[in-house]
Each structure stands twice: as structure tokens, then as C-alpha cells.
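Chemist: Quick one: this structure, given as C-alpha cells, is what I'll be asking you about.
Numbering (my numbering), first residue to last: 156 to 582.
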């Protein structure tokens, strides 16, 4: 397979560097799910060879790119790699060396690697801050080619570790195709795979749109947000692989139903009506509808019918008990509350909106480190197939809210949706 080819380089360290770069390319192109076993086996060999790339990095950071790439890929796949070697990048006064800013590719790789920080790894926080500021403000556009400048700009918004896999793949296919030394067969595989999977997603999107229209939402729920495509974008971010088709269909219906319930609570019903609706949902049986006011009967029918449909589909797999866990999500009383930022300002009277936002950014940073550390455990207490979904959910949140509320304001996701679900990759 692609991972097991013999690199052109002669010595072991150069061959290992070639292999790391190939693995990174395969994953960025979105076809890594076809080579999971080969990638794990290759990285195990890289890990077994030790820290040669780190130990041999000279005072000009000749191997900075491959050393940081090795750290990121190994940690990402659960291998216990230490962050201590990052101290080599500092001078005697504890500042990051000036020559780092002259190594564009290495600096960008350092930036990507620093996102793999666990809580307490302060040097990675420092590395991320240094790399981010340098990439943003210290590299003069005229000193690098426009193609790589575009690459930097994308990474600053969507670092690999926090980017939705399909979004990264769609971007990287174009970027990689402009590389004169690209592997033509690998590039063609990525293009064909992207278009093939996109065809499946387009069909699913048509099916879920038809289901949504069958609910007559605009007539029965004129107050509700029509966010079928945005919802599918989020579900697709969690698991895009063809084998998860049923899961995407089920979760789409759950999310859209929750969106209807949320809008009903926030924008339509009275407090008294919501109390009755909540009690009916907690009972979750057909007779409960008789106690509901007419204004609440339609939403209750949608909830019950949706979960009945899911129960039938999941029941075909012999797993209908799982629906009971999903029902619990609809049993919570949801009252309209102010935004988190507004609550923070009210609770901290001396705080400004900017201070509130910064406080939440710090909390998000800590949460990302928690997520990274849990995901990178080896052995992991949970199957990787499950933890991958949790990680992808966090990635979806990063993309969705990176520049605002992408669910409420569909304009923010317009370009992403077009690239993933409308525009085919030219062959």
C-alpha cells in the first residue's frame, strides 16, 4: 500500500522523515480512513526508532519541520511523546530563538504541533503563542510565495487538530495539487474519494430535506429556524465516512427535532404551555397528547413520530434499547436564558464584554487540552471509533463558532457548505 512504499532517501532518518510527511499528506487529503492499519503500523516503527529527529536538530532548526511533525503525529495516535525537547527551541534567556521566524515551513509545523498540548505543558502554550504571533505579524508577505501565505492563513483559522476532516480535505486537495512534487496517484485517489463520498452525502441531504418538508415546518412551525443543511453540516463533521450513513440519518432527525423544540421554547410557547409540554415529553406516550393545548400538539407529534421512526430503524439492527438514551435528551426542561457572555457580565459587574469573551476563550482552551489528553491516551478506555466522534464534535464547534454563530447565521457557513455538498472536485 502507499504507506509501505520504499522512500527514495537512503538513510533511516531521512526515510522516516519521508514516511511522516506521507502520512500527514494522506490524512490531510481525507483518505486516511482507508489506511488506518498501515498508518498505525508505520507510526509504531517511527516511535520505536526513538528521538533521532529531535536529537539531531541543529542550532538552525534544520529538522524543525520533521521533528514537530513527528511529535504531532505520534501524540495524535496515542504514543507517549514528551514535550521536553521543545526547550531546545529557546535561547539561554528562555526566549524562542530568532532563527525560528526564518523557517516558514518549520514554524508552521511548530504551530500545528503546539495545538496538541495537555494541561500543564506550559512550553507548548508558549510555543503556540510565539508561532501564532510570528506567523501573523512577523513574516513579510513578499518573502514567501502566495501559495504558502494562503496555507498559513488557512492554518491560523483552522489548525489541523481543530479542523473538520472533510473541510481540511477539500482545502488540501487544491493546495496539494499546486505542489510540483505531488504524488499524482495519491492526488487522484483523494479527488475520486472526495467526489464519491460527496455523492453519498448529497443523496442523504435530499432524503433528510424531504423528511423535513413532510413535517410542513413552514406551516406548522413558522417561528422555527429552517436549518436542514446547517444541521447536516454538523452531523457530517462528526462522522463523514460512508459506513456511518444510518447514524447520520438518525442524528440529523434528532438534531432537527431538538432545534424545533428549542425554537418552541425560546420563541413561541407560553410558560404554562411549556410546563404541560415538558410533562407530556416526560411521559412519552400517545395518550399524553390529549392533555396538550392545540398549539403544542403538532410539536409533540413530531417528537413522538421521529423517535418511533428511529426506533424502527435501530430495531432492525437489534439495538432498539439505544433509543431510550436518546429520548432522555428531550426530557430536559429548556427555558430561554441569556447568552453565556451576558450572564458572565451580569455576574461580574466590573467585567466588559471583551473581558467576558477572553475568559471564555481561556475556558475553551482548557477544554481543548482536556479533550486532547483524553483522546491521546494509550491504551484508551473507550474505542477510538467513539472518541473520534467526540473529538470531531469539538472540531465542529470550533468551525461553527469561529467567526460567529454559524448555525443561526447561515451566511457564515455558506462557502463551507458549497465546497462540501455542492461543488465537485475537478479531476
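Where a beta carbon is used, it is the ideal one built from N, C-alpha and C, also for glycine.
Given this structure, state the Cα-to-Cα distance separating residue 340 from residue 575, to the nearest angstrom.
Modeler: Taking the straight line joining both Cα atoms gives about 22 Å.
Chemist: Cα separation between residue 541 and residue 307?
Modeler: So the alpha carbons of these two residues sit roughly 31 Å apart.
Chemist: Are the beta-carbon atoms of residue 224 and residue 175 separated by less than 7 Å?
Modeler: Yes. Within cutoff.
Chemist: My parser needs the alpha helix (DSSP H) runs of 4 or more residues fully inside the region 198-278; what are they?
Modeler: Counting whole runs of 4 or more residues, the region 198-278 contains the alpha helix (DSSP H) stretches 207-210, 219-231, 259-269.
Chemist: Can you look up residue 331 in the DSSP assignment and give me helix, strand or coil?
Modeler: Here residue 331 sits in helix by DSSP.
Chemist: Can you give the Cα-Cα distance for residue 543 and residue 319, rounded to whole angstroms?
Modeler: Cα-Cα distance, rounded: 11 Å.
Chemist: Return the CA-CA distance between residue 247 and residue 256, expressed in angstroms with no decimal places.
Modeler: Their Cα atoms are separated by approximately 17 Å.
Chemist: Ends of the alpha helix (DSSP H) at residue 470?
Modeler: 449-470 is the span of the alpha helix (DSSP H), which, as asked, contains residue 470.
Chemist: Please go through the region 308-385 and give each complete alpha helix (DSSP H) segment of 4 or more residues, from N-terminal end onward.
Modeler: Entirely contained in the region 308-385, the alpha helix (DSSP H) runs reaching 4 residues are, in chain order, 320-332, 339-369, 372-375.
Chemist: Tell me the DSSP secondary structure of residue 407 in three-state form.
Modeler: In the structure shown, residue 407 sits in a helix (DSSP, three-state: H, G or I).
Chemist: Relative to the alpha-carbon of residue 278, which residue among 263, 258, 244 has its alpha-carbon at the smallest distance?
Modeler: Selected option, being the one with the closest Cα: 244.
Chemist: Determine the burial state of residue 485: buried for a count of at least 16 other Cβ atoms within 10 Å of its Cβ, exposed for fewer.
Modeler: Residue confidence for residue 485 is low, a pLDDT of 42 falling below 50, so the modelled location carries little weight; the figure read from the coordinates is stated next. Residue 485 comes out buried.
Chemist: Express the C-alpha separation of residue 418 and residue 491 in angstroms, rounding to a whole number.
Modeler: With a pLDDT of 41 at residue 491, under the threshold of 50, the modelled position of that residue is not reliable, and no figure is offered here.
Chemist: How would you label residue 314, buried or exposed, when you count the other beta carbons within 10 angstroms and need 16 or more for buried?
Modeler: Answer is buried; the Cβ neighbour count reaches 16.
Chemist: Kindly indicate the opening and closing residues of the alpha helix (DSSP H) around residue 554.
Modeler: Taken as a continuous stretch (DSSP letters only), the alpha helix (DSSP H) holding residue 554 covers 539-555.
Chemist: My assumption, with CB atoms under 8 Å, is that residue 229 sits in contact with residue 202. Please give the rounded CB distance.
Modeler: Contact flag correct, Cβ pair sits at about 6 Å.
Chemist: In this structure, does DSSP put residue 285 in helix, strand or coil?
Modeler: Note: residue 285 maps to helix in three-state DSSP.
Chemist: Among 194, 310, 252, which has the Cα closest to the Cα of residue 231?
Modeler: Checking every option, the nearest Cα to that of residue 231 belongs to 194.
Chemist: Does residue 192 come out as helix, strand or coil in the three-state DSSP assignment?
Modeler: Reduced to three states, the DSSP call for residue 192 is helix.
Chemist: Going by CA-CA distance only, name the one from 529, 389, 430, 266 that's closest to residue 451.
Modeler: Checking every option, the nearest Cα to that of residue 451 belongs to 430.
Chemist: For residue 396, which three-state DSSP category applies?
Modeler: DSSP places residue 396 in coil when its eight states are reduced to three.
Chemist: Any chance the region 394-414 sits against the region 434-447, with 3 or more Cβ pairs inside 8 Å?
Modeler: Judged by Cβ distances under 8 Å, the region 394-414 makes no contact with the region 434-447, as fewer than three pairs qualify.
Chemist: Between the alpha carbons of residue 538 and residue 546, how many angstroms are there, rounded?
Modeler: About 13 Å.
Chemist: What would DSSP say about residue 301, mapped onto helix, strand or coil?
Modeler: Residue 301 falls in the helix class under three-state DSSP.
Chemist: List the whole-angstrom C-beta distance separating residue 388 from residue 571, where the pair is believed to meet the contact cut-off of C-beta under 8 Å.
Modeler: That belief holds up - the Cβ atoms of residue 388 and residue 571 are roughly 7 Å apart, short of 8 Å.
Chemist: Consult DSSP for residue 517 and reduce its assignment to one of helix, strand or coil.
Modeler: Residue 517: helix per DSSP, three-state reduction.
Chemist: Figure out for me which residue from 408, 252, 374 has the closest Cα to the Cα of residue 384.
Modeler: The candidate whose alpha carbon is nearest that of residue 384 is 408.
Chemist: Which first and last residues belong to the alpha helix (DSSP H) in which residue 431 is found?
Modeler: Residues 426-438.
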